[in-house]
Amino acid sequence: MTRPINAVLWELIIVIVVAIGFTILCNALIALTGVGVGKSTEVVPQGWEWVDRIVGFVWIGLLTALSIAWWLLRQAEANGIETPSRLLPILFAVCLLYPFTFGLTPLSGLIGNVVIGAFAAWVAWKASSLSALAALLITPIAIWLSIATVYLYLLLRVNQS
Numbered sequence: 031m032t033r034p035i036n037a038v039l040w041e042l043i044i045v046i047v048v049a050i051g052f053t054i055l056c057n058a059l060i061a062l063t064g065v066g067v068g069k070s071t072e073v074v075p076q077g078w079e080w081v082d083r084i085v086g087f088v089w090i091g092l093l094t095a096l097s098i099a100w101w102l103l104r105q106a107e108a109n110g111i112e113t114p115s116r117l118l119p120i121l122f123a124v125c126l127l128y129p130f131t132f133g134l135t136p137l138s139g140l141i142g143n144v145v146i147g148a149f150a151a152w153v154a155w156k157a158s159s160l161s162a163l164a165a166l167l168i169t170p171i172a173i174w175l176s177i178a179t180v181y182l183y184l185l186l187r188v189n190q191s
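Here you go:
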């Protein structure tokens with residue numbers, strides 16, 4: 031049984047608004063508490079200053095894309111197809127809570143990036159057999175975490191003293 035298009039679109043809009051809301055709330059908590067933010071004495075690797083300026087906006091986009099991927103997989107489930115959709119809220123929560131756990135130090139952030147990036151890549155691979163679009167929406171998380179891993183590695187090297 032198919033649902034009316036209006037109901038499906040409203041569900042998508044709600045999913046996007048909730049994802050953006052949670053991401054902005056988490057970014058606000060990070061800004062207010064300073065958790066996951068580098069020390070003021072840390073030297074940022076030359077040429078990588080842009081990372082700190084865009085990170086909040088990038089996560090808003092990444093987690094919005096992840097929520098759309100979840101919605102796409104849920105639509106397939108509504109048609110009786112089993113999907114890995116239950117993995118996406120876990121990935122969403124891990125990405126949101128990341129600065130409050132792994133992001134406490136550059137070294138733990140480096141480890142967290144690798145673990146969460148691998149998990150995101152695995153979830154994208156699981157989703158790819160059901161929805162290429164869902165997989166494409168999940169994959170940028172692994173790509174961004176790869177960039178962040180290089181950044182953190184360079185940050186550790188520059189600030190080794």
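In our numbering, the protein residues as written are 31 to 191. Heads up, the beta-carbon is just placed ideally off N, CA and C, and yes, glycines get one too.
Length of the line joining the Cα atoms of residue i and residue j
i      : j      : result
Leu160 : Ala148 : 20 Å
Gly139 : Leu182 : 7 Å
Ile84  : Ala178 : 12 Å
Val73  : Asn189 : 6 Å
Pro170 : Pro34  : 31 Å
Residue i in three-state terms, based on DSSP
i      : result
Thr94  : helix
Val38  : helix
Val85  : helix
Arg187 : helix
Ser115 : coil
Thr135 : coil
Pro75  : coil
Cβ-based burial, residue i [other Cβ within 10 Å; buried from 16]
i      : result
Ile195 : Here the chain comprises residues numbered 31 to 191, so residue 195 is not present and cannot be evaluated.
Thr53  : buried
Ala108 : exposed
Phe122 : buried
Supposed contact pair residue j and residue i - C-beta distance, whole angstroms, cut 8 Å
i      : j      : result
Leu93  : Leu103 : So it is not a contact: roughly 15 Å between Cβ atoms.
Leu175 : Ala150 : 7 Å
When the options are compared against residue i, the one with the closest alpha-carbon
i      : options                       : result
Trp100 : Ile168, Arg187, Gly142        : Ile168
Leu126 : Leu42, Ala37, Ile50, Asn36    : Ile50
Leu39  : Arg116, Val73, Ile98          : Ile98
Ala106 : Ala162, Gly77, Asn143         : Ala162
Ile46  : Pro34, Ser115, Leu96          : Leu96
Val180 : Gly91, Leu137, Trp155, Glu112 : Leu137
Any non-hydrogen atom of the ligand GDP closer than 7 Å to residue i Cβ
i     : result
Trp40 : In the structure on display, the ligand GDP does not appear, and there are no ligands present to speak of.
Cutoff 8 Å: residue i Cβ touching any chain B Cβ
i      : result
Ala157 : This model lacks chain B altogether; it includes just one protein chain.
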